[in-house]
Structures are given as C-alpha cells and as structure tokens.
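Undergrad: Here it is, the structure in full.
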Amino acid sequence: MARRRCAIWSSLWICVWAAMLAPGVSSNAEAREAAKPSIDVRAGDLADAIADLSRSARVSIGSDGPLPRVQVGRLRGDMSVAQALSLLLAGTGYRARQVAQTAWRIERAPVAPPPAPALLAVATPAAAPQADPILVTATKQPLDLQSLPGAVALVDTLRLRAGAQALSSTPDIAARIDGLSLTALGPGRNHMFLRGVADSAFGGESQSTVAVVLDEARVTYAAPDPDLRLVDMKRVEVLKGPQGSLYGTGALGGIYRMVSNPANPNEASLEISGGGSLMTGGSSGYSASVVANLPIVDEAAGLRVVGYSVLEPGWINSGTGQDARRNGNSTRVSGFRALAGLVPTDGWRLDLTGMAQWLNSRDSRYTYRRGGYSRPDQLAEPHDNDLSHVATRLQGAIDTVEVMLSSAMTWHEVGDVFDATQGASGFGLGQPRTMNDRGRYRVWDTELRLLGEWRAMHWLVGLSRLDASQTLATSLVAEAANSLLLDRSRRDIHDTAAYANLTVPLGNRLSLSGGGRLFRSSIAEERSGSATATSTQERDRAGFTPELSLSWKPGNDGLFYVRYGSAFRQGAVRADGAALAGDELASVEAGWRQSLGPARIEATAWYSRWDHVQSDTLMPNSLIATEDAGDARILGAEASLALDLTAGWRVEVGANVTHAHLARNALGYELHDSRVPVVPDYTVRAALQRAYRVVGTPMLARLYLRYIGPAHMSFDPELDRGIGRYLESGIEGAMTLGRWQVGLSARNLFGGKGTMFGFGNPLRYRQSRQYIGQVPPTITLTASLGF
C-alpha cells in the first residue's frame with residue numbers, strides 16, 4: 016500500500032511538472048478586414064463614450080436604463096458602428112441591437128452558461144483598445160473594478176474547476192483571499208472573519224461579523240458558515256471593511272457574496288461531473304454533480320437545475336480494538352438548486368431560486384496531541400448543518416431608472432453533539448453521556464433599490480427590511496435517556512433601513528462618493544435553563560452608518576482612493592441577564608490599484624476603531640456567554656501582484672499583515688496577550704501557473720503555497736492557546752479533450768501537521784489541550800462531460 020501511494024505521488028509530481036515545463040503549441044490565423052469607416056472615441060466613462068460615438072458616427076444610440084459605471088479607453092480605427100459598440104460593451108453584460116438603419120438600442124445581454132471545454136482554452140484575444148472591464152456587483156450597482164474605491168477580492172469559481180475543485184468550498188476561497196480567516200473546526204462549523212474583525216474562537220450567539228450573501232439575499236445571521244458548495248457558481252465577491260451603509264447591522268468585517276449562474280432561456284446544456292479522492296493515512300471519498308439548463312420559451316423562460324453529492328474523507332481514529340472508529344470524521348454533503356428565469360417583457364427579468372444543502376460530519380476532527388491523527392476512546396461527536404433557501408428577484412428599467420426588487424427566506428439548522436462523560440458532572444445529572452447543541456435560524460431579507468443618473472452624477476437609493484430569529488438550546492443527556500436543559504434562548508431581530516449613495520465627478524480624474532444607511536433595529540430575547548439566569552430583554556436602536564470615499568484616476572489603468580466606512584451590531588445578553596449595548600466599528604483605508612501591461616498590482620492599508628467588542632467566551636461551566644471585551648484597534652496592510660508572462664505563464668503573490676489588539680480592557684482580568692483572537696499576524700501566498708496546448712489539447716498546471724503566521728485562541732489567559740505557523744501547499748493540473756475535462760490535484764504536498772485551531776470539545780477544553788491539525792496529503796481526480 017505504501018509503495019502504491021509513493022508511486023502515485025511520484026507520478027503526479029512528474030506529470031504536472033512535465034506539463035508546466037512542456038513547450039506550448041499555438042496557431043495563428045490571418046485576419047482579413049474590409050475597409051470600414053474611421054472611428055475615434057475619447058477615453059472616459061462608458062456613457063460619455065457612447066454619446067461621443069453617436070455624435071461622431073451620426074447615429075442614434077439609446078439604452079434601457081442607466082449604463083454601468085465603467086471607464087473605457089480610447090477607441091480609434093477603421094470599424095463599423097456595430098464593431099465599435101461591441102468593443103465598448105465587452106464584459107459589461109450589455110449588448111447593442113440595431114433597430115433601424117441609423118438607430119441602435121443598448122440592452123442587457125442574455126446570460127449564457129459558460130461551456131466547460133472553454134475553461135482551459137488558452138485565450139488569444141483579438142486586437143482591442145483595452146481589456147474587458149471586471150464588474151463588481153456586491154456594491155449593489157455595477158462598478159468597474161478599476162473604478163471601485165474600496166478593497167474587493169474576486170474569485171472566478173469556474174476557474175477553480177480547472178484544478179479538480181469542481182465542488183469548491185469556503186476554505187478553497189479563503190486560501191486565495193488575503194485577510195479572510197476561518198476557525199478550522201470543520202465543514203459547517205467554521206466562523207468567518209475579515210481584516211482582523213474577529214470576536215471569538217468559540218462561536219456563541221453573537222451576530223456574525225461577515226455577512227454571507229447569496230445573490231441578493233443574506234443567508235446567515237448568527238449561524239456558522241454553511242459552507243455552501245460552489246457548484247455552478249459564477250464567482251465569489253468579497254468586500255473588505257465595514258459595509259454597514261449598504262448591508263446593515265453586523266457587516267463589521269465585510270461581505271462574502273456568492274453569485275450563481277442564472278437560467279438561460281436561449282440555450283440547452285448539460286454537464287456531468289464526478290471524481291474520487293485518496294487520503295494518506297485516511298479514507299477515500301467521491302464527488303458527483305450535474306448541471307442542466309433547459310429553455311422553456313425561447314428568449315422568454317428558462318430553467319436551470321443543479322445537483323451534487325460529496326463524501327469527504329476522514330482521518331481521525333478513536334479508540335482501539337473492536338470498538339475503534341477509523342477515519343471517523345468523514346463528511347457527507349448533498350444539495351440541489353433550481354433557478355427559473357422569466358423575461359415577461361423587453362428589459363425586465365424575473366428570477367426564482369430554490370435550494371437546499373444537507374451537511375453531516377460523523378465526528379469531530381480534534382486530537383489531544385499536536386500533529387496526531389488519533390485520540391483515546393470516546394463517544395462520537397457528529398455535526399449537522401442543513402440549509403434551505405427560496406428567493407425571488409425582479410429587475411428592469413423604468414425610463415432611465417434601473418429597478419431591483421428582491422425577497423428571500425432562509426431556514427438554517429445546526430446541531431452538534433459532544434462527549435460529556437468528562438467535564439459535565441457539575442450540572443447535577445447522573446452519568447452524563449452527551450451534550451447536545453441545537454440551533455434553528457431563520458432570515459427573511461427584502462430589498463427595493465433604484466439606480467440612475469442625473470447629469471454627470473450616479474445615484475443609488477434603497478429600502479431594506481430584515482427579519483431574523485434564532486433559537487438555541489443546550490441540553491445534557493444521561494445513560495438512562497434522562498436529559499437536562501442547560502440553556503435555551505430565543506432571539507427575534509427586526510431591522511428596517513433606508514440607504515443612499517451619490518457619486519459626483521470632480522473633473523476628469525477625481526470622483527467623490529458618499530452615502531449612508533438610516534436604520535432602526537429592534538431585538539427581543541428570552542433566556543432560560545438550569546445553568547443560566549432567566550431573563551427577558553427588549554432593545555431598540557436607531558442610527559446612521561455613513562460611508563465616504565474619494566478616488567483619483569491618473570489614467571485608465573490606475574486608481575488611488577481613500578475610503579471611510581462604518582457598521583453597527585446589536586448587543587447580546589450576558590450570562591447574568593444584563594444586556595450589552597452593541598459594538599460599532601469605523602475604518603479608514605487608503606488603496607492603490609494599477610494595471611501595468613501584463614501586471615496587476617493592488618495595495619491597501621487601513622486603520623479600524625472597534626468599540627465595545629462583543630466577545631463570546633467559554634465560562635467555567637463550559638457554556639458559552641457573550642461579554643463586552645472593551646475597545647480594539649486594528650492596523651493592517653495588504654499587497655498583491657498578478658503577472659502574466661509569456662508562453663502562458665502566470666505568477667501570483669500576496670501578503671497580509673494585521674495588528675489587532677485590545678486597547679481598552681473591560682473583561683475584569685489582566686491580559687497576557689491583548690491581540691484579537693484567531694487572526695494571524697500575517698499571511699503570505701504565492702502561485703505559479705501555466706496554461707498551454709500540447710498537440711491542440713488545452714492544459715493547465717498550477718503550484719501554490721500559503722503560509723499562515725502565528726495567532727492565538729482567547730483573551731482569557733486560562734483559555735488561551737497558540738495556533739498558526741503552518742504551510743499550506745498544493746499542485747494541480749487539468750486538460751480538456753473535446754467535451755471532456757479531466758483534473759488531477761494534490762494537497763499538503765509536504766505532509767504538514769501544523770496546528771490550524773485549538774478547540775473542539777468545550778467540556779474538556781480546560782482539562783487538556785486540543786489540536787486541529789492540517790488535513791493529511793490528499794490526491795483528487797475528477798472528470799466532467801459537457802453537452
């Protein structure tokens with residue numbers, strides 16, 4: 016068995032490195048162009064460029080609603096009006112349709128699902144005055160990345176499939192984004208943090224500091240990350256820094272937004288994928304998915320269906336002899352998504368979405384020895400995370416105003432079981448066996464927004480309503496099936512808000528953008544149980560969260576900006592029944608984004624003031640309660656470089672440095688380490704990639720490394736543990752053969768056993784150290800077939 020795995024590893028290294036070093040084969044086709052009129056359009060805003068083209072070509076060009084705020088370069092040469100419009104609108108999601116001999120209409124282009132075989136093709140772009148703009152939609156208005164005054168990270172999830180990651184998850188995205196941290200408890204258990212805004216490693220009742228959004232709707236409020244598998248997702252957009260002006264309460268760290276592929280009413284397609292995984296020292300796994308798109312009425316109605324199933328290998332062994340459980344922490348994930356797209360009239364579209372995902376882990380992944388894969392015999396600790404979601408979205412244009420109305424409901428259930436044979440005797444229940452945590456969450460998110468232009472200014476206004484509820488219960492179960500309710504809480508949250516944003520150009524290069532959110536938030540909470548104080552609390556809070564930015568574009572390929580953002584989070588209830596006031600965060604950042612030919616550079620520095628930090632802590636009785644930790648200050652910087660070289664080579668590097676510490680201590684005990692928990696002091700990543708062809712076959716190879724610096728677990732010296740200081744690594748390759756796409760990847764190439772996290776069972780945490788190590792080396796092979 017050992018020789019077979021060694022042979023597999025050796026073959027993988029040889030094949031992928033040979034692929035990366037193989038010479039590329041390309042072909043050139045001569046272009047033959049007929050004589051065309053001379054076009055000369057000045058660089059600037061897309062709307063101004065369209066008006067310039069209309070005047071110079073003496074044609075009429077109208078549009079359905081306002082055009083996206085995109086900066087375009089100068090367009091000059093012999094070409095037709097149709098070719099000029101195609102170049103100007105490339106990548107914007109709009110197209111031009113000729114309605115008369117000298118009249119054109121700009122409208123939204125139908126969204127077509129990208130064909131699988133093209134994912135690995137080496138693009139040879141035709142000559143054009145500029146690259147397609149990258150549009151960011153998490154800002155609630157289509158903004159060109161090169162004009163966006165704020166830090167944002169985009170991950171094209173379709174490209175992840177080229178590396179055998181057809182069912183990518185949140186950790187895959189976090190590995191590519193500087194400043195995004197996870198707690199590493201395992202699938203469906205992790206909490207997400209951005210830019211050092213981490214309230215706790217223990218994950219209690221507090222609202223999440225990062226809002227997880229699917230298309231237009233928030234899907235979580237206080238629950239852990241559901242780890243939605245990114246099957247048939249278009250991309251992930253991460254807005255860094257407080258986003259209270261656009262997204263309301265709780266968005267202290269930023270936004271994690273998944274953008275799904277909509278139903279296409281114009282094209283039928285089918286893609287089937289499958290794969291297998293083999294883990295060193297662990298079990299095997301599999302993955303399977305299907306994506307089907309079916310037009311119902313040509314150009315008027317379509318249906319898109321997605322289904323998937325995954326078995327992730329386990330590697331934790333518990334006990335010995337006949338009662339031993341080998342590789343017990345395997346995880347099974349299954350889900351589906353159905354999307355219907357309707358075009359009732361020209362310029363309007365209605366999208367309906369229904370989805371569900373079921374996640375079940377058989378056991379936890381911590382051990383009691385650093386770098387170990389086994390632990391003494393104890394009861395299994397399974398985890399469930401089930402989510403269902405329905406949503407509707409209507410968008411179109413009334414005259415020159417773009418309208419979007421959305422409403423979504425999410426039901427989320429999370430359950431954990433912990434071995435209670437040790438550490439639970441103080442509750443007074445004889446022979447305790449398990450402690451069960453159950454959480455039920457519901458989020459109803461509704462929004463109406465309008466987007467338009469007035470003279471040279473762009474404006475956005477919206478109304479928002481969010482209703483959320485959560486019921487959490489912790490109980491102890493004994494051998495005789497007796498149970499004891501330790502803690503039960505129910506919380507109802509209602510948030511009503513109006514928000515606006517206005518962008519005003521200050522000359523050709525300067526732009527000022529400002530706005531804010533006027534909100535009223537109410538919360539009602541009831542708590543009871545044998546181990547907690549019985550209390551009833553109702554609180555209302557009204558306020559305003561502003562945002563302001565100033566940007567300067569010295570050219571079409573560069574941007575400097577300064578941004579101020581803020582956010583607010585409702586207060587929780589302490590263990591003694593007292594209510595907390597809630598925490599507020601304000602941040603100032605300065606950034607630079609530049610394209611220099613084949614290179615793209617981005618650098619950002621920020622300072623955040625976080626007052627009345629709500630931190631979830633582990634109490635002496637092993638239950639989790641929320642405390643006001645004091646005031647924190649966060650100073651950080653990020654930088655990244657992506658460089659496209661010749662022959663299909665690409666280099667990516669990135670680094671993040673964060674100094675987040677408690678400047679005012681309100682915890683009532685002396686701090687040994689004032690750093691904010693979980694957040695690593697620094698991270699560094701690098702990747703080397705090559706896309707090429709061999710005998711006409713598109714291929715891709717990628718090697719990546721990421722080092723996570725030191726971090727710690729808690730403010731409380733009795734609970735603190737050191738974590739971090741480990742290296743992540745991987746290598747992957749893929750190729751396209753007609754309709755087939757095959758990928759091979761390997762993770763943890765060097766067999767690292769670093770400590771990613773230091774918490775697993777709250778009842779045993781104070782008695783012994785707990786370690787969650789890196790996932791053992793794993794090889795994955797996938798294949799997909801598209802029609």
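The sequence shown runs 16 to 802 under this note's numbering.
Ideal placement from N, C-alpha and C gives every residue a C-beta, glycine not left out.
1. What residue range is occupied by the uninterrupted alpha helix (DSSP H) comprising Tyr456?
2. What span of residues does the alpha helix (DSSP H) with Ala189 cover, start to end?
3. If we count Cβ pairs, one from each stretch, closer than 8 Å, do we get three or more for the region 412 to 419 versus the region 431 to 450?
4. In the structure shown, what three-state DSSP assignment does Ile65 receive?
5. Mind reading off the beta-carbon distance from Gly296 to Tyr381? Whole number of angstroms is fine, and I expect it under 8 Å.
6. Closer than 6 Å by C-beta to Arg390: which residues in its own chain qualify, once you throw out the five before and the five after it? Chain order, please.
7. Please report the distance separating the alpha-carbon of Ile787 from that of Ser292.
8. Starting from the C-beta of His687, find all residues in its chain whose C-beta is less than 6 Å away, skip the five residues before and the five after it, and write them out in chain order.
9. Using only CA atoms, which one of Val699, Glu617, Leu633 lies nearest to Arg589?
10. Going by the beta-carbon positions, is the gap between Leu527 and Leu565 smaller than 8 Å?
11. When the Cα atoms are used, what is the spatial distance from Tyr622 to Leu402?
12. Taking Gly758 as the reference, give the member of Met750, Phe765, Leu764 with the closest Cα.
13. Mark Ile413 as exposed unless 16 or more other C-beta atoms lie within 10 angstroms of its C-beta, in which case mark it buried.
14. Can you give me the Cβ contacts of Ala189 inside the same chain, cut-off strictly under 6 Å, excluding the 5 residues immediately before and after it?
15. Between the alpha carbons of Arg524 and Trp567, how many angstroms are there, rounded?
16. For Glu667 and Val699, I'd like the C-alpha separation in whole angstroms.
17. Note the first and the last residue of the continuous beta strand (DSSP E) segment covering Ser526.
18. Touching or not, the region 568 to 582 and the region 605 to 615, by the rule of three or more beta carbon pairs under 8 Å?
19. Mind checking whether Ala316 and Leu357 have CB atoms under 8 Å apart?
20. Is DSSP giving Arg70 helix, strand or coil here?
21. Can you tell me whether Ala596 is helix, strand or coil according to DSSP?
22. What residue from Arg615, Gly329, Thr154, Glu562 has the CA that sits closest to Phe583's CA?
23. Is it the case that the region 449 to 463 contacts the region 485 to 498, given that we only count it when at least three CB pairs across the two stretches are under 8 Å?
24. Touch check for the region 637 to 648 and the region 233 to 249: three-plus C-beta pairs under 8 Å?
25. Verify whether the separation of the beta carbon atoms of Gly12 and Asp510 is less than 8 Å.
26. According to the neighbour-count rule (16 or more other Cβ atoms, all chains shown, within 10 Å of its Cβ), is Gly336 buried or exposed?
27. Going straight from the alpha carbon of Trp469 to that of Leu517, what length do you get?
28. Would you be able to state if there are at least three C-beta pairs under 8 Å between the region 662 to 682 and the region 703 to 720?
29. So what's Tyr719 in DSSP terms, helix, strand or just coil?
30. Who are the near neighbours of Tyr719 in its chain, counting only those whose CB is closer than 6 Å to its CB and skipping five residues on each side?
31. Would you give the residue range spanned by the beta strand (DSSP E) that Leu102 belongs to?
32. Taking 8 Å as the threshold (C-beta atoms), are Pro239 and Val429 in contact?
33. So what's Tyr511 in DSSP terms, helix, strand or just coil?
34. Who pairs with Ile738 in a beta bridge, going by DSSP?
35. Let me know if Asp555 comes out buried or exposed under the rule of 16 or more other beta-carbons within 10 Å of its beta-carbon.
36. Which residues bound the beta strand (DSSP E) around Ser75?
TA: So, from the data block:
1. Per DSSP, Tyr456 belongs to no alpha helix (DSSP H); it is in the beta strand (DSSP E), 447 to 469.
2. 185 to 189
3. no
4. helix
5. Actually they are not in contact, since the Cβ atoms of Gly296 and Tyr381 sit about 16 Å apart, beyond 8 Å.
6. Ser333, Thr382, Tyr383
7. 21 Å
8. Pro732
9. Its Cα nearest to that of Arg589, the residue Leu633 stands out among Val699, Glu617, Leu633.
10. yes
11. 36 Å
12. It is Met750.
13. Per the 10 Å Cβ criterion, exposed.
14. Cβ neighbours of Ala189 beyond the five flanking positions: Leu195, Leu197.
15. 5 Å
16. 11 Å
17. 525 to 543
18. yes
19. yes
20. helix
21. coil
22. Glu562
23. Yes, the region 485 to 498 touches the region 449 to 463.
24. no
25. One cannot answer for residue 12 here, as it falls past the ends of the chain, which runs 16 to 802.
26. exposed
27. 10 Å
28. yes
29. strand
30. Ala702, Gly745
31. It is not in any beta strand (DSSP E) - Leu102 instead sits in the alpha helix (DSSP H) that spans 96 to 104.
32. yes
33. The question names Tyr, yet the displayed sequence has Thr at residue 511. DSSP places Thr511 in strand when its eight states are reduced to three.
34. Ala726
35. exposed
36. 75 to 78
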